[in-house]
Amino acid sequence: MRFLDLSDKVKKMALSLKPVIQKYDYDCGGAAVKDLLILLGRNELVVDLYNRLEVNSIDGTKSQNIKKFFDEEKIDYVEKIKGTVSDLQRFLNRGYVCLVSYQAWGTEEEMDSLVSGHYSIVFDVDEDYVWLIDPTIEGVEVPGFGKGIVRQARGEFYKRWWDKGVAGEIYDHWFLAVNIVRP
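Okay, so the sequence shown: first residue is 0 according to numbering that gives the first Met the number 0, each after it adds one.
Quick look at the structure:
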């Protein structure tokens, strides 16, 4: 089966987004899901969304709560563990964006202990970079691009692309792909 390449439409939608910026150091998951809902054209108050996702200062946002919310709202998604950058690209080409959990900052030691977990939305992959909507970025990080847009070198992103849940479960190259463009 051949798919229509929808990656340009995904990029255009992502770059026109006025992203929700997280308010606390623990609500990146809620903010990223809100950005995803905006891309889907869905309106959900942040307070209601955070309550439904059970966002809190101890656990942040659990991935199982995100999946439960998507199920309740009948938002189709594909979950992948041990994904690759090529997997991300394949989904992007089919009109999806990918919610990822990764080590966004920190030293090598901090990354190895998985204490810098963060959610962002991958909306593009090119030969050099993985492009993300990052709910911590209040300003313009990459000149010529909008608020909240960041990029990481592909190799650096791949190295950081793992996280640990509050119960100790490891999210090894994990993502949730959500179709925002129906062909």
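Just so you know, even glycine gets a beta-carbon here, dropped at the ideal spot from N, CA and C.
Please classify Tyr170 as buried or exposed, where buried requires at least 16 other C-beta atoms within 10 Å of its C-beta.
As a first step, residue 170 must be located in the sequence shown, where it is residue number 171. Buried, because 16 or more other Cβ atoms sit within 10 Å of the Cβ of Tyr170.
**Item:** Residue range of the alpha helix (DSSP H) that includes Glu71
**Value:** Translated into positions along the sequence shown, residue 71 becomes position 72. It spans 62 to 71 - the alpha helix (DSSP H) in which Glu71 sits, taken as one unbroken run.
Helix, strand or coil: how does DSSP classify Ser85 here? Sequence index remark: in the sequence shown, residue 85 carries index 86 (1-based). It is helical.
| query | Between Phe122, Lys33, Val46, Leu36, which lies nearest to Phe174 when the distance is taken from Cα to Cα? | reply | On the sequence shown, residue 174 is found 175 positions in, with the first residue counted as 1. Measuring from the Cα of Phe174, the nearest candidate turns out to be Phe122.
Beta-carbon contacts of Leu39 that lie in its chain and below 8 angstroms, excluding the five residues immediately before and after: Within the sequence shown, the letter at position 40 stands for residue 39. Excluding sequence neighbours, Leu39 sits near Ile74, Val177, Ile179.
Run through DSSP, which three-state label would Ala176 get? Indexing the sequence shown from 1 puts residue 176 at position 177. Three-state result, Ala176: strand.
Exposed or buried, Phe2, counting other C-beta atoms within 10 Å across all chains shown (16 or more means buried)? In the sequence shown, counting from the first residue as 1, residue 2 sits at position 3. Note that Phe2 scores 47 on pLDDT, short of 50, meaning its location in the model is unreliable; the coordinates nonetheless yield the value given after this. The residue in question, Phe2, is exposed, as its Cβ has fewer than 16 Cβ neighbours within 10 Å.
(message) Within the continuous alpha helix (DSSP H) that includes Arg153, where are the two ends?
(response) For the purposes of this step, residue 153 is taken as residue 154 along the sequence shown, with counting starting at 1. Residues 153 to 159.
ask   = Around the Cβ of Ala152, are there at least 16 other Cβ atoms within 10 angstroms (buried) or fewer (exposed)?
value = To locate residue 152, count along the sequence shown from 1; it is residue 153. Classification for Ala152: exposed.
Expressed to the nearest angstrom, what Euclidean distance is found between the alpha-carbon atoms of Arg159 and Gln88?
-> Position 160 of the sequence shown, counting from 1, holds the residue named residue 159. Position 89 of the sequence shown, counting from 1, holds the residue named residue 88. Looking at the two C-alpha atoms, the distance is approximately 17 angstroms.
Practice item. Under the assumption that Leu48 contacts Gly28 (Cβ atoms under 8 angstroms), give the Cβ distance between them as a whole number of angstroms. Key: The residue given as residue 48 occupies position 49 in the sequence shown. The residue given as residue 28 occupies position 29 in the sequence shown. The pair is not a contact, with the Cβ atoms about 10 angstroms apart (cut-off 8 angstroms).
- Query: Does the distance from the CB of Ser62 to the CB of Gly164 come in under 9 angstroms?
  - Reply: The sequence position of residue 62 within the sequence shown is 63, counting from 1. The sequence position of residue 164 within the sequence shown is 165, counting from 1. The answer is yes: Cβ separation under 9 angstroms.
Proximity below 9 angstroms, CB of Lys66 to CB of Glu53:
The count along the sequence shown starts at 1 and reaches residue 66 at position 67. The count along the sequence shown starts at 1 and reaches residue 53 at position 54. No. Outside cutoff.
Q) What are the boundary residues of the alpha helix (DSSP H) that includes Asp34? A) If you number the sequence shown from 1, residue 34 lands on position 35. 27 to 38 is the span of the alpha helix (DSSP H), which, as asked, contains Asp34.
When the distance is taken between beta carbons, is Lys146 closer than 9 angstroms to Lys17? Taking the first residue of the sequence shown as 1, we reach residue 17 at position 18. Taking the first residue of the sequence shown as 1, we reach residue 146 at position 147. In this structure, Lys146 lies closer than 9 angstroms to Lys17 by Cβ.
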